[in-house]
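Asker: Just so you know, our numbering puts 215 at position 215 of the sequence shown, and the rest follows in order with no gaps.
Sharing a structure below in structure tokens format, with a few things to ask.
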Amino acid sequence: MAPPLPRKSPLIQSRRAFVKTISTATLAAPFITRQLIANPPSTILRHASFGAAGMAWSDLEVLCSNPFVKLVAVAEVDLNRLENVKANFPGVKIYQDWRELLDKEGPQIDSVNVSVPDHLHAPIALSAMQLGKHVYCQKPLAHDLHETRILTEYAREKKLITQMGIQIHSQKIYRQAVALVQSGAIGKIKEVHTWSNKKWGDTGAPPVKGATPTRGFNWDLWLGGCAERPYVGDDYYHPGQWRRRLDFGTGTFGDMGCHIFDPVFESLALTAPLSLRSEGPAPDAWNWANNAHLCYIFPGTRYTENSTIAVTWYDGDNRPPAEIQALVTAPLANVRKSATTAKPLDQLDQGSIFIGTAGVLHVPHIATPKLYPAEKFRDYPMPPVQGSHHWNDWAQACVGGPGKPTASFDYSGPLTETVLLGTVAVRFPHTTLEWNAARLQFTNVPAANAFLRRSYRPGWSVAGL
Numbered sequence: 001m002a003p004p005l006p007r008k009s010p011l012i013q014s015r016r017a018f019v020k021t022i023s024t025a026t027l028a029a030p031f032i033t034r035q036l037i038a039n040p041p042s043t044i045l046r047h048a049s050f051g052a053a054g055m056a057w058s059d060l061e062v063l064c065s066n067p068f069v070k071l072v073a074v075a076e077v078d079l080n081r082l083e084n085v086k087a088n089f090p091g092v093k094i095y096q097d098w099r100e101l102l103d104k105e106g107p108q109i110d111s112v113n114v115s116v117p118d119h120l121h122a123p124i125a126l127s128a129m130q131l132g133k134h135v136y137c138q139k140p141l142a143h144d145l146h147e148t149r150i151l152t153e154y155a156r157e158k159k160l161i162t163q164m165g166i167q168i169h170s171q172k173i174y175r176q177a178v179a180l181v182q183s184g185a186i187g188k189i190k191e192v193h194t195w196s197n198k199k200w201g202d203t204g205a206p207p208v209k210g211a212t213p214t215r216g217f218n219w220d221l222w223l224g225g226c227a228e229r230p231y232v233g234d235d236y237y238h239p240g241q242w243r244r245r246l247d248f249g250t251g252t253f254g255d256m257g258c259h260i261f262d263p264v265f266e267s268l269a270l271t272a273p274l275s276l277r278s279e280g281p282a283p284d285a286w287n288w289a290n291n292a293h294l295c296y297i298f299p300g301t302r303y304t305e306n307s308t309i310a311v312t313w314y315d316g317d318n319r320p321p322a323e324i325q326a327l328v329t330a331p332l333a334n335v336r337k338s339a340t341t342a343k344p345l346d347q348l349d350q351g352s353i354f355i356g357t358a359g360v361l362h363v364p365h366i367a368t369p370k371l372y373p374a375e376k377f378r379d380y381p382m383p384p385v386q387g388s389h390h391w392n393d394w395a396q397a398c399v400g401g402p403g404k405p406t407a408s409f410d411y412s413g414p415l416t417e418t419v420l421l422g423t424v425a426v427r428f429p430h431t432t433l434e435w436n437a438a439r440l441q442f443t444n445v446p447a448a449n450a451f452l453r454r455s456y457r458p459g460w461s462v463a464g465l
């Protein structure tokens, strides 16, 4: 185990410059309301971060912009990715092994953010919660369904303050979408189509060569509970391509599904699906595929027209059928003095289309929702809802402040389970999988149940998982 790195004395940004930096961190959360609370709590929230770069740095930067949050320690398996942490938090304790951080710093911390690859979410988050720590965890909540269920139930049982990193959930634009559906603006919902243009697939690209990890990067710690294998260079796994790999990421659907399914899930008050079916390609032995096409059937709710409702997902090059696209891309003649045309759907990277009995709602990711036919809804007032700050809501709640998490594990756990069902269904193309959420199993395809729970290599199991 490498000892903590020696402390340096880099030039520290002023508070004003630090907050300005946060305001430009669009990777973390575009369109965020970033103001700090006027009267911060007197209690200090002693915090630790699992991960130091990429999304971890974005989470850490925003959380620590709160004057009552004190960063105590960081765990990062790649010591080459600590530049921002060392420059801005010169006194922080640094570890490579997340287990060592919890063992040595547990009594000195109150909360953690888990902002590492998907396969490490559950072991780290559960271990922290078992020490009584509040948890902010990136999406998806875990790599598989069993892990997700365990995290949800444990957080509920111990009454811990939790939040999943679906930051747009707290923003005005998504809250407007939820309010439009639930107010009946487009009537009862008949069906929903949702998509992402991302391509976190890589079939036909096996890990064919070994390489020596960069000095300072601990490959064994990065693997965590996954089976041993040689390191592959050229960015095959670390730092940016792990989402494509079956054992470590959850593909496009796992990456973006928790974001884009979110306003659908909340606005319709959906519960677990009854069944789902993949009409897209299957992954290979190593990697997820692109161009998914998944159809979920959910029990109907008070917001749906029928006793069940279909929600269909597309990613990569796939999009909803032409007749569905036409509902939100038809010419907007007579809406303004000069006729214009809506942006083609293939240029709208990600979003959802709700088809109701009285109209259509387009929810772009990330932009103001739009109602169609445009002529009918030209003067329709948008709901007077307000957004909040996703990170600060959680941090304030941890110290008894006014914030309230809007995506606690009680909400984000079932949402994640729904999304991760898609990562199982794609392995069984053209097969309807019937789902029993209470029993956490598929009832008609026993082979699919093998993908609900992973095993951990010796020395890496966590009690409760």
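Positions of the beta carbon are idealized from the N, C-alpha and C atoms, including for glycine.
Bear in mind the structure is a predicted one, so any value in this text is a computation, not a measurement.
#1: Do Leu160 and Thr152 have their C-beta atoms closer together than 9 angstroms?
#2: Classify Gly249: buried if its beta carbon has 16 or more other beta carbons within 10 angstroms, exposed otherwise.
#3: Could you check where the alpha helix (DSSP H) with Cys258 kicks off and where it finishes?
#4: With DSSP as the reference, label Ala310 as helix, strand or coil.
#5: On the three-pair Cβ rule with 8 angstroms, is the stretch 200 to 213 touching the stretch 420 to 430?
#6: Suppose you measure from the CA of Leu276 to the CA of Ile189; what does that come to, to the nearest Å?
#7: Can you tell me the Cα-Cα spacing of Thr212 and Gln96, whole angstroms?
#8: So what does Phe428 bridge to, in DSSP terms?
#9: Among Asp78, Glu228, Ser307, Asp315, which residue has its Cα nearest to the Cα of Arg457?
#10: From the DSSP output, in three-state form, read off Ser58 for me.
#11: Within its chain, find whatever has a CB closer than 6 angstroms to the CB of Ala128; leave out the 5 residues flanking it on each side and keep chain order.
#12: Quick check on Thr194: buried or exposed, where buried means 16 or more other Cβ atoms within 10 Å of its Cβ?
#13: Could you tell me whether the stretch 377 to 397 touches the stretch 58 to 68, using the rule of 3 or more Cβ pairs below 8 angstroms?
#14: Can you tell me the Cα-Cα spacing of Thr432 and Ser278, whole angstroms?
#15: Looking at the structure shown, is Glu305 part of a helix, part of a strand, or coil, going by DSSP?
#16: With a threshold of 6 angstroms on Cβ separation, who are the neighbours of His365 within its own chain once the five nearest residues in sequence on each side are excluded?
#17: Kindly indicate the opening and closing residues of the alpha helix (DSSP H) around Trp98.
#18: Please specify which runs of the beta strand (DSSP E), each continuous and at least 3 residues long, are wholly inside the stretch 161 to 245, giving them in chain order.
#19: Got a sec, what are the start and stop residues for the beta strand (DSSP E) Gln350 sits in?
#20: What three-state label does DSSP hand Gln441 in the structure shown?
#21: Just grab the DSSP bridge partners of Phe298 for me.
#22: Is it a yes or a no for the stretch 83 to 97 touching the stretch 231 to 238, going by three-plus beta-carbon pairs under 8 angstroms?
#23: His390 lies in the alpha helix (DSSP H); which residues open and close that run?
#24: With C-beta atoms as the reference, is Lys172 less than 9 angstroms away from Val385?
#25: Whether or not the stretch 298 to 311 and the stretch 435 to 455 are in contact is what I'm after, with contact meaning three or more pairs of Cβ atoms, one per stretch, closer than 8 angstroms; do they touch?
Answerer: Once the coordinates are examined:
#1: Thr152 is positioned such that its CB atom lies no closer than 9 angstroms to that of Leu160.
#2: Buried is the label assigned to Gly249, since at least 16 other Cβ atoms lie within 10 Å of its Cβ.
#3: Counting along the chain, the alpha helix (DSSP H) containing Cys258 begins and ends at 251 to 260.
#4: Here Ala310 sits in strand by DSSP.
#5: Between the stretch 200 to 213 and the stretch 420 to 430, the count of Cβ pairs shorter than 8 angstroms is below three; the stretches do not touch.
#6: Their backbone Cα atoms lie some 19 angstroms apart in a straight line.
#7: Answer to the nearest angstrom: the Cα atoms are 18 angstroms apart.
#8: None; Phe428 has no bridge partner.
#9: If we check each option's Cα against that of Arg457, Glu228 comes out closest.
#10: Helix at Ser58.
#11: So the list reads Val112, Val135, once near-sequence residues are dropped.
#12: Buried, since its Cβ has 16 or more Cβ neighbours within 10 Å.
#13: Short answer: they touch.
#14: Spanning the two alpha carbons is a distance of roughly 8 angstroms.
#15: In the structure shown, Glu305 falls within a coil segment according to DSSP collapsed to helix, strand and coil.
#16: Closer than 6 angstroms at Cβ, skipping near neighbours: Ile260, Gln350, Gly351.
#17: 98 to 105 is the span of the alpha helix (DSSP H), which, as asked, contains Trp98.
#18: Runs found: 162 to 164, 189 to 196.
#19: Looking at the DSSP string, the run of the beta strand (DSSP E) that includes Gln350 is 350 to 356.
#20: Correct three-state label for Gln441: strand.
#21: Note: Phe298 sits in a beta bridge opposite Ile309.
#22: Flag = no, the stretch 83 to 97 and the stretch 231 to 238 do not touch.
#23: Segment 390 to 398, the alpha helix (DSSP H) holding His390.
#24: Less than 9 angstroms separates the beta-carbon of Lys172 from that of Val385.
#25: Look at the beta carbons and you see the stretch 435 to 455 not touching the stretch 298 to 311: under three pairs across the two are nearer than 8 angstroms.
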